[in-house]
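First residue of the sequence shown? That's 474 in this note's numbering, and the numbers climb one at a time after it. Think of the CB as a built atom: it goes at the ideal place given N, C-alpha and C, for glycine as much as any other residue.
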Amino acid sequence: MAKGFGVVTRYPRHAEAVRPAFWEVKDVGGARRAPRPGTVPMVSCFGDNRVARAHPDWVQVGPGGMRADRTAPYFDWDALCPTRPEVRRLALEWVAAAVAGGTPGTGLRLDDVTYAREGFCQCAVCRAEAAAAGEDLDQLHARVIRDFVREVRARVAGPLYFTLFPDPYPGRLERRFGIRPAELDPYVDVYVVPLYDLAYATTYWLEVLAGAFAERLARPFWVELYALGVPEERLVKAALVAATYAAGVLLAYGNRLETIRRVEAALRERFG
Ligand SMILES: [Zn+2]
């Protein structure tokens, strides 16, 4: 069975040469770039350092009042609370701009449509909303994420890609992130699972994670590999392992088009 192959890139030349090419139009720092014709725009919806700075009260709150921002031990960016209508409105504006400026039919990729970790978010808005709806926080979070994805789906022509945190352990996407794949399946065409490493010196963990997602997900998923600076033979091996379980492979941020081409050729040779 033939496998999908694409890139996540900041190089216009790569975006022209390989399709699908994913193009970040809104990142977790808060920077925005114009959509590029023919590429799939990527929008980081609820990660945004700039907005968090302007609206500190919009940041997610966890156990013991811990804030989901870069002051906490394991957050690399600031996470806004999706339960807040103003946060969702802003994210939908970014989505609309990405779609309007893009090429019809190329679709869209949603990044950071998620709650931050287990115990997040329990801010005042989440607690009030859950109480008003007669839900617990897990139910509330799953509903908010599902309804948001449904709203995005209605605005996007072409495939909708959705990035998952690479945690396939049963119940954890649901409990930690408010993501219930079974409820998102009607709206999502392809899940993207980033499995990043700087070297891919070993691949057993790739096999474990990709294999587990293959068992978990009813919809197709692609594995995204980090490509910058990874020796080519290791990247080829990692791609072959990932594609054994996934419907496609994305190479992210590689800077050598020749390497990207050779990984693609290796996949074609193995999988047709
Ligand atoms: Zn909240």
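Exercise for review: Confirm, please, whether the CB-CB distance from Ala597 to Ala541 is below 8 angstroms.
Suggested key: no
**Q.** Environment of ligand 1 in chain order, Cβ to heavy atom below 6 angstroms
**A.** Gln533, Cys554, Thr556, Cys594, Cys596, Val598, Cys599
If distances are taken between C-alpha atoms only, which option among Thr579, Lys476, Arg557 comes closest to Arg509?
Thr579
Check: Beta carbon of Leu723, beta carbon of Val513: below 8 angstroms?
Finding: no
Next item on the list: Please determine if the segment 531-540 and the segment 487-500 are in contact, where contact requires at least 3 C-beta pairs separated by less than 8 angstroms.
Entry: no
(message) Let me make sure I understand the geometry here. Which of Tyr726, Leu698, Pro693, Gly702 has the alpha-carbon closest to that of Ala720?
(response) Pro693
> Measuring CB to CB, does Glu705 end up less than 8 angstroms from Arg735?
Replying inline: yes
message = Considering just the uninterrupted stretch of the alpha helix (DSSP H) at Tyr677, what are its terminal residues?
response = 677-689
Original post:
If you draw a straight line from the alpha carbon of Ala715 to that of Ala605, how long is it in whole angstroms?
Top reply: 44 angstroms
Inter-stretch contact (C-beta, 8 angstroms, three-pair minimum) for the segment 669-686 and the segment 619-626: no
Suppose the cutoff is 8 angstroms on Cβ atoms and the five residues either side in sequence are ignored; what does the same chain contact list for Ala507 look like?
Val498, Gly574
- Are the beta-carbon atoms belonging to Trp567 and Val617 less than 8 angstroms from one another? no
Quick test of your reading: Leu708 and Leu698, contact by CB under 8 angstroms. State the CB separation rounded to the nearest angstrom.
7 angstroms
Q. Looking at C-alpha atoms only, which residue of Arg557, Leu730, Asp549 is the closest neighbour of Asn522?
A. Asp549
Check: Taking buried to mean at least 16 other C-beta atoms within 10 Å of its own C-beta, is Leu671 buried or exposed?
Finding: exposed
Among Lys476, Gly511, Gly503, which has the Cα closest to the Cα of Phe495? Gly511
Outcome for Pro577 when other beta-carbon atoms lying within 10 angstroms are tallied against a minimum of 16: exposed
Based on the DSSP secondary-structure assignment, which residues constitute the bridge partners of Ala589?
None, per the DSSP bridge assignment.
Cβ shell of Pro632 (< 7 angstroms), same chain only, five flanking positions each side left out: Gly580, Asp662, Val663
Whole-angstrom distance between Thr732 and Tyr484, CA atom to CA atom: 14 angstroms
Discussion item. Would Ala615 and Glu680 qualify as a contact pair, given that the criterion is a beta-carbon distance under 8 angstroms?
Written reply: no
(Q) Rounding to the nearest angstrom, what Cα-Cα distance links His487 and Ala738 in this structure? (A) 16 angstroms
Check your understanding: alpha helix (DSSP H) containing Asp611: first to last residue?
Key -> 610-626
field: Same chain only: Cβ atoms within 8 angstroms of Arg543, ignoring 5 sequence neighbours per side
entry: Asn522, Asp549, Trp550, Asp551
- Compare the beta carbon distance of Glu591 and Arg649 with 8 angstroms and say whether it is the shorter of the two. yes
Practice prompt. Take the Cβ of Arg562 as the centre, count every other Cβ of all protein chains shown within 10 Å, and call the residue buried at 16 or more, exposed below.
Written response: exposed
| task | Below 6 angstroms CB to CB, which residues in the same chain sit around Glu608 once its five sequence neighbours on both sides are set aside? | result | none
Top-ranked residue by Cα proximity to Gly520, from Gly537, Gly538, Tyr547, Pro555: Pro555
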